[in-house]
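To keep things clear, I will list the structure first and then write my remarks on it.
2 protein chains.
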Amino acid sequence: MTRQRPTIVDVAGRSGVSKSTVSNVIRGAANVSDTTRQRVLAAVDELGYRPNGLARQLVQQRTSTIGVVVGDLTNPIYSQLVKLLEQHALASGYTTMVSNTDGHPEREAARIEALLERRVAGIAMLQFSGGRSVIDELHDDGVAVTVISCLEERADCVTVDESKGLAISVRHLAELGHERLAYVTSPLIEEHTNRARHESFLRECKRAGCSETAVVTLDVEAVLAHDADATRELGRLLESSRGPTGFAAANDIVAIALIEAAERLGASVPERISVVGFDGITLGGLTRIALTTVAQPIERMAELGMTLLLDRIDGRTTSTSRQVLLEPELVVRATTAPPQG
Amino acid sequence: MTRQRPTIVDVAGRSGVSKSTVSNVIRGAANVSDTTRQRVLAAVDELGYRPNGLARQLVQQRTSTIGVVVGDLTNPIYSQLVKLLEQHALASGYTTMVSNTDGHPEREAARIEALLERRVAGIAMLQFSGGRSVIDELHDDGVAVTVISCLEERADCVTVDESKGLAISVRHLAELGHERLAYVTSPLIEEHTNRARHESFLRECKRAGCSETAVVTLDVEAVLAHDADATRELGRLLESSRGPTGFAAANDIVAIALIEAAERLGASVPERISVVGFDGITLGGLTRIALTTVAQPIERMAELGMTLLLDRIDGRTTSTSRQVLLEPELVVRATTAPPQG
DNA sequence: GTGAAAGCGCTAACAT
DNA sequence: ATGTTAGCGCTTTCAC
Chain P
8 MTRQRPTIVD
18 VAGRSGVSKS
28 TVSNVIRGAA
38 NVSDTTRQRV
48 LAAVDELGYR
58 PNGLARQLVQ
68 QRTSTIGVVV
78 GDLTNPIYSQ
88 LVKLLEQHAL
98 ASGYTTMVSN
108 TDGHPEREAA
118 RIEALLERRV
128 AGIAMLQFSG
138 GRSVIDELHD
148 DGVAVTVISC
158 LEERADCVTV
168 DESKGLAISV
178 RHLAELGHER
188 LAYVTSPLIE
198 EHTNRARHES
208 FLRECKRAGC
218 SETAVVTLDV
228 EAVLAHDADA
238 TRELGRLLES
248 SRGPTGFAAA
258 NDIVAIALIE
268 AAERLGASVP
278 ERISVVGFDG
288 ITLGGLTRIA
298 LTTVAQPIER
308 MAELGMTLLL
318 DRIDGRTTST
328 SRQVLLEPEL
338 VVRATTAPPQ
348 G
Chain D
8 MTRQRPTIVD
18 VAGRSGVSKS
28 TVSNVIRGAA
38 NVSDTTRQRV
48 LAAVDELGYR
58 PNGLARQLVQ
68 QRTSTIGVVV
78 GDLTNPIYSQ
88 LVKLLEQHAL
98 ASGYTTMVSN
108 TDGHPEREAA
118 RIEALLERRV
128 AGIAMLQFSG
138 GRSVIDELHD
148 DGVAVTVISC
158 LEERADCVTV
168 DESKGLAISV
178 RHLAELGHER
188 LAYVTSPLIE
198 EHTNRARHES
208 FLRECKRAGC
218 SETAVVTLDV
228 EAVLAHDADA
238 TRELGRLLES
248 SRGPTGFAAA
258 NDIVAIALIE
268 AAERLGASVP
278 ERISVVGFDG
288 ITLGGLTRIA
298 LTTVAQPIER
308 MAELGMTLLL
318 DRIDGRTTST
328 SRQVLLEPEL
338 VVRATTAPPQ
348 G
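Protein chains in written order, with this note's numbering: chain P, 8 to 348; chain D, 8 to 348.
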């Protein structure tokens with residue numbers, strides 16, 4: 008199939024110059040007479056020559072590829088982030104290579120290995136699980152890494168202030184008068200992030216004088232597939248008269264799944280229970296959903312994240328790791344209300 | 008930063024063998040004694056050697072990278088598809104490189120060019136806009152291409168039967184008793200696909216004896232951002248007593264935006280108007296949305312699409328282009344009902 | 001302004 | 001079973 012592509016030598020032959028001159032022309036280097044340039048360009052055109060990026064990157068000892076490792080591309084917050092990162096990378100002459108890990112640490116390690124074999128210039132990790140070893144290994148390898156949307160002290164990182172994250176949800180629920188709260192999460196949420204958010208939840212519960220009655224773990228896919236098993240745990244919680252009335256979710260997708268599950272069980276939101284999400288995905292703004300949530304400034308996260316990474320790649324930064332903490336913002340819509348009765 | 012990485016030569020030196028032997032070991036070739044293998048492996052470990060994929064791919068004249076070109080990664084149907092494609096590619100030893108085009112033909116061309124310079128083994132195009140020239144050029148270059156989720160005769164392609172697509176929506180609306188129908192689309196939907204779906208809409212309207220009163224173009228982002236301008240056109244349509252009561256959308260996201268816009272304008276769904284989507288995104292299954300839609304079998308699309316592409320890459324297929332047509336399936340939920348009064 | 005030559009890190013015959 | 005050799009397509013000194 009793949010007919011032999013013309014190389015720089017073919018172009019050189021056709022235009023009667025040496026290959027270095029051709030190289031000079033296609034790289035837009037100086038020191039090429041106008042007439043030669045024209046002839047070379049003509050030959051390029053006639054032959055349909057296209058530079059071989061592999062060869063170029065091999066000899067230059069640097070690539071223009073940036074790896075992006077993401078837990079779940081299906082979560083709108085991440086697909087949005089990936090899209091923004093690609094735009095920023097492109098604007099600086101880089102191409103991205105996206106790897107989905109589905110939250111599995113082994114898959115994460117494998118995908119990172121693949122990126123490294125391709126000698127990516129740097130890696131942006133959204134929701135990263137591997138724990139210290141991964142980061143350390145990358146550091147040893149001298150690969151630029153930026154972690155986006157979760158806190159990681161050992162690397163450059165831009166994230167929403169995790170300590171404030173869930174605290175804002177809890178405070179909002181407490182101010183509405185809710186006294187018994189639950190934390191809602193999903194198996195897809197990476198361990199590190201989950202722990203941080205849960206701790207933030209517990210801390211603020213204590214401070215606000217609320218009791219934390221439960222941790223609910225929801226299999227989002229199963230809930231959406233109308234699997235009855237997936238809502239059983241929640242069902243028991245809702246039956247109890249001393250059960251929680253306020254639910255703080257680890258992210259918007261979980262929050263939406265919770266609303267779905269609760270309402271299918273006959274507990275309407277916000278009349279019977281209140282729910283607040285985390286992330287600020289666009290769909291939460293739909294009138295039919297109207298999710299109260301703690302929004303992350305994802306445009307800024309993407310922009311700053313890519314800036315940090317590129318600075319590191321280009322050696323503009325040699326300092327130790329830098330953390331950028333952004334402010335989350337409460338967006339009150341219609342899934343929260345004072346508790347009834 | 009990037010400290011000089013060890014090469015195959017370093018490993019050879021350290022283990023006291025030639026570099027071809029090292030090469031044999033890491034490629035798992037036969038003809039290596041067990042003792043030598045151990046020594047080489049030990050050296051690999053001590054040095055932290057990692058093969059350079061660029062060099063390997065350059066000399067082998069083939070890469071294990073597959074390009075994926077997508078219009079809007081933010082649309083769940085595509086992020087899902089991309090995720091599935093990545094899984095299938097991975098299972099066959101390939102890595103994917105995703106490019107988002109936001110539907111711009113120029114950006115599409117640029118991204119394809121970048122993929123070709125990286126000498127990707129093949130390209131999977133989801134929602135492709137470039138028209139004939141792009142496909143032809145790729146064909147001339149001898150690059151394997153598979154188009155997924157929209158019809159393209161000049162290339163391998165797997166898609167839902169476009170001619171049936173919107174027809175199913177229209178028939179459903181007609182059977183409920185709707186007589187005046189509208190087609191709803193968005194600027195983000197690629198021209199080709201849009202035309203096919205619109206034609207399918209018109210054809211079936213005629214057959215079912217419905218009148219097509221309008222084409223509504225909705226800027227989804229603007230609607231979700233609660234921009235009043237974005238709903239003006241729809242507002243006029245809904246005011247008229249002879250306006251459409253049944254809306255067939257070009258995809259689910261548009262359908263959801265339409266519901267949002269209509270209900271904000273006071274026209275509730277499905278009491279005042281009925282809406283049917285296209286794609287079958289998971290979120291449509293939420294009780295609060297309950298979108299009636301024409302679902303695509305995306306698992307099969309991803310699987311077949313990747314199979315077609317890999318067959319072509321490996322030269323198992325030399326025939327002319329093959330089209331696979333899959334059956335769309337109507338999923339009736341709660342955004343459609345008989346017209347009132 | 002242009003060309004010759006030396007690699008980049010690896011694979012794949014071909015010798016030994 | 002292991003080593004030698006010749007590239008893959010390009011960039012980049014360094015001469016001319």
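Idealized CB from N, CA, C, for every residue including glycine.
Neighbouring residues, chain P, relative to residue i (Cβ below 9 Å)
{"i": "Leu-231/D", "result": "Thr-289, Leu-290, Gly-292 and Leu-293"}
{"i": "Thr-102/D", "result": "Met-104, Ser-106, Arg-118, Ala-121, Leu-122 and Arg-125"}
Chain-ordered neighbours of residue i on chain D, where CB pairs are closer than 9 Å
{"i": "Ile-263/P", "result": "Leu-290, Leu-293 and Arg-295"}
{"i": "Glu-53/P", "result": "Those do not exist, as Glu-53/P stays about 13 Å from chain D at its closest Cβ, beyond 9 Å."}
{"i": "Arg-271/P", "result": "Thr-294"}
Per-residue contacts from residue i into chain D (C-beta, under 7 Å)
{"i": "Leu-80/P", "result": "Ser-86, Val-89 and Lys-90"}
{"i": "Asn-107/P", "result": "Lys-90 and Glu-93"}
{"i": "Pro-345/P", "result": "Near Pro-345/P there are no residues of chain D at all, since even the closest Cβ is about 22 Å away, more than 7 Å."}
Residue i to residue j span [Cα, whole Å]
{"i": "Met-8/D", "j": "Lys-171/P", "result": "Summary for Met-8/D: the model assigns pLDDT 46, below 50, so the residue's position carries little reliability; its value from the coordinates is reported in the next sentence. Approximately 34 Å between the Cα atoms of the pair."}
{"i": "Tyr-85/P", "j": "Pro-194/P", "result": "16 Å"}
{"i": "Arg-329/P", "j": "Ala-151/P", "result": "12 Å"}
{"i": "Ala-264/D", "j": "Thr-14/P", "result": "50 Å"}
{"i": "Glu-53/D", "j": "Gln-94/D", "result": "32 Å"}
{"i": "Glu-160/P", "j": "His-205/P", "result": "19 Å"}
{"i": "Gln-68/D", "j": "Gly-60/D", "result": "12 Å"}
{"i": "Gln-87/P", "j": "Ala-203/P", "result": "23 Å"}
{"i": "Leu-332/D", "j": "Ala-162/D", "result": "13 Å"}
{"i": "Thr-28/D", "j": "Val-39/D", "result": "7 Å"}
{"i": "Thr-108/D", "j": "Leu-80/D", "result": "9 Å"}
{"i": "Val-282/D", "j": "Ala-257/D", "result": "11 Å"}
{"i": "Val-32/D", "j": "Asp-41/D", "result": "10 Å"}
{"i": "Arg-125/P", "j": "Val-191/D", "result": "44 Å"}
{"i": "Leu-5/D", "j": "Gly-149/D", "result": "Missing from the structure shown is residue 5/D; chain D here goes from 8 to 348 and no further."}
Nearest candidate by alpha-carbon position, reference residue i, set the options
{"i": "Ala-49/P", "options": "Ala-19/P, Leu-272/P and Gln-64/P", "result": "Ala-19/P"}
{"i": "Glu-144/D", "options": "Ala-128/D, Val-165/D, Ile-119/D and Tyr-56/D", "result": "Ile-119/D"}
{"i": "Glu-336/D", "options": "Val-261/D, Ala-174/D and Glu-211/D", "result": "Ala-174/D"}
{"i": "Val-338/P", "options": "Pro-346/P, Arg-307/P, Gly-291/P and Asp-318/P", "result": "Gly-291/P"}
{"i": "Thr-199/D", "options": "Gly-110/D, Ser-106/D and Leu-209/D", "result": "Per the sequence shown, residue 199/D should be read as His rather than Thr. Nearest C-alpha to His-199/D: Gly-110/D."}
{"i": "Arg-34/P", "options": "Pro-58/P, Gln-11/P and Ser-275/P", "result": "Pro-58/P"}
{"i": "Glu-197/P", "options": "Pro-251/P, Ala-274/P, Leu-133/P and Gly-242/P", "result": "Leu-133/P"}
{"i": "Thr-166/P", "options": "Thr-324/P, Thr-81/P, Met-308/P and Glu-270/P", "result": "Met-308/P"}
{"i": "Pro-345/D", "options": "Leu-91/D, His-179/D and Val-16/D", "result": "His-179/D"}
{"i": "Glu-219/P", "options": "Asp-236/P, Asp-168/P, Arg-139/P and Gly-253/P", "result": "Gly-253/P"}
{"i": "Asp-416/P", "options": "Lys-90/P, Ala-181/P and Arg-239/P", "result": "This structure gives no information on residue 416/P, because the portion of chain P shown stretches from 8 to 348."}
{"i": "Ala-418/D", "options": "Val-261/D, Arg-125/D, Pro-83/D and Leu-293/D", "result": "Absent from the model: residue 418/D. The displayed extent of chain D is 8 to 348, so no value can be given."}
{"i": "Gly-184/D", "options": "Asn-201/D, Cys-164/D, Glu-169/D and Cys-212/D", "result": "Cys-212/D"}
{"i": "Glu-246/P", "options": "Tyr-56/P, Arg-12/P, Ser-25/P and Ile-280/P", "result": "Ile-280/P"}
{"i": "Thr-342/P", "options": "Leu-316/P, Leu-311/P, Cys-217/P and Glu-278/P", "result": "Glu-278/P"}
Contacts of residue i in chain P (Cβ-Cβ under 7 Å)
{"i": "Val-283/D", "result": "Those do not exist, as Val-283/D stays about 16 Å from chain P at its closest Cβ, beyond 7 Å."}
{"i": "Leu-195/D", "result": "Result: empty, since nearest Cβ-Cβ is about 12 Å, beyond 7 Å."}
Identified DSSP bridge partners for residue i
{"i": "Thr-192/D", "result": "Thr-224/D"}
{"i": "Thr-300/D", "result": "Gly-284/D and Val-338/D"}
{"i": "Leu-332/P", "result": "Thr-166/P"}
{"i": "Glu-310/D", "result": "DSSP output for Glu-310/D lists no bridge partner at all."}
{"i": "Glu-219/D", "result": "Leu-188/D"}
{"i": "Gly-253/D", "result": "Leu-188/D and Ser-281/D"}
Chain D residues whose Cβ lies nearer than 8 Å to that of residue i
{"i": "Pro-58/P", "result": "Glu-124"}
{"i": "Glu-267/P", "result": "Leu-293, Thr-294 and Arg-295"}
Partner residues on chain P for residue i, Cβ-Cβ distance less than 8 Å
{"i": "Leu-61/D", "result": "Leu-61, Gln-64, Leu-65, Thr-70, Arg-125 and Arg-126"}
{"i": "Pro-13/D", "result": "None at all; the shortest Cβ gap to chain P is about 11 Å."}
Where are the alpha helix (DSSP H) runs, 4 residues long or more, that stay fully inside the region 103-171 of chain P, in chain order? 112-124 and 139-148
Hey, which unbroken runs of the beta strand (DSSP E) at 3 residues or more fall wholly within the region 51-88 of chain P? 72-77
I'd like the ranges of any alpha helix (DSSP H) spanning at least 4 consecutive residues and lying wholly in the region 222-247 of chain P. Listed in chain order, the complete alpha helix (DSSP H) runs (minimum 4 residues) inside the region 222-247 of chain P are 227-231 and 239-246.
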